[in-house]
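My numbering numbers the first residue of the sequence shown as 1158 and each following residue consecutively. Only one structure is covered here, and it is reproduced in the block below.
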Amino acid sequence: MRAFIAVKIPEAARDSLSSMKRLFGPEAGDLRFVKKENIHLTLKFLGEISDKAADSAVAALSGIKFWNFSFSVKNIGFFPNERTARVVWAGIYPEEDAIELQRKVDSALEKHGLFRRESGYKPHITIARVKSSCETEKLAGALKNADFSGADVSVSSFFLMKSALAAGGPVYEEIAEFKAQPL
């Protein structure tokens, strides 16, 4: 199964992020927007894993202790950069709690011998993928008018998810939920 670890984004914030499609005209290029129901904050992409590895990941992640935290969507960026954009993403603020949770995820998985720790994690929510060349200046200009009202997120859990490719795009399914510690 293809798996990843993510924070789910509530519907109001997904609505706000999904509505950004209207900012893009045909001059923006060929963009493939993430379906509203698939919008999430990735903590770690695991790739193709076995059922046994998924069970081991659940055991490892169950030991993570974290507390509720919140963030707001604040800005738009591009991977790898604005000139050669392949991904359009929304950044979060503050990002420290998400970074700390991601470090705990990496550490727990590494201690169980499942996956190696990664450096350079940048918390972001993918909005669209660039399928062909686009005029990044026009794309960046359109995004200056982005309205992030309603894009606030309270995090009380994270999930091990699996992704199945279907005709209409990927379909995500929860494998396990990991809840924050009570305050």
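From the three backbone atoms N, C-alpha and C, an ideal C-beta is built for every residue, glycine too.
Taking 9 Å as the cut-off, the Cβ atoms of GLU1252 and PHE1228 count as close.
In the three-state DSSP reduction, GLU1239 falls in the coil class, being neither helix nor strand.
Assigned with DSSP and collapsed to three states, ASP1187 falls in coil, not helix or strand. Annotation for LEU1271: ALA1210, SER1213, ALA1214, ALA1217 place their beta carbon closer than 7 Å to its own, counting only its chain and skipping 5 residues before and after. Where LYS1209 is concerned, the enclosing alpha helix (DSSP H) starts and stops at 1208-1218. In the DSSP annotation of this structure, the continuous segment of the alpha helix (DSSP H) that includes SER1175 starts and ends at 1168-1175. Counting only runs of 4+ residues, the alpha helix (DSSP H) found wholly inside the stretch 1251-1336 occupies 1253-1268, 1293-1300, in chain order. In the DSSP assignment, GLU1205 falls within the unbroken beta strand (DSSP E) covering 1197-1205.
Taken atom to atom, the span from the alpha-carbon of VAL1262 to that of ILE1221 is near 7 Å. Assignment of LYS1231 by DSSP, reduced to helix, strand and coil, places it in the strand class.
In the three-state scheme derived from DSSP, where H, G and I count as helix and E and B as strand, LYS1178 is classed as helix.
Secondary structure note for LYS1165: its beta strand (DSSP E) is the uninterrupted segment 1159-1165. The beta carbon of ALA1265 sits closer than 8 Å to the beta carbons of ALA1217, LEU1218, GLY1220, ILE1221 from its chain, once the five residues preceding and following it are set aside; these are given in chain order.
Leaving aside the five residues that flank LYS1288 on each side, the residues in its chain whose CB is nearer than 8 Å to its CB run, in chain order, GLY1186, ASP1187, LEU1188, ARG1189. Shown here for ILE1206: same chain residues with a beta carbon closer than 7 Å to its own, the five before and five after excluded, namely MET1158, ALA1160 in chain order. The secondary-structure analysis by DSSP pairs ILE1249 across a beta bridge with VAL1230. Excluding five sequence positions before and after GLU1257, the CB atoms of its chain that fall closer than 8 Å to its own CB belong to PHE1223, given in chain order.
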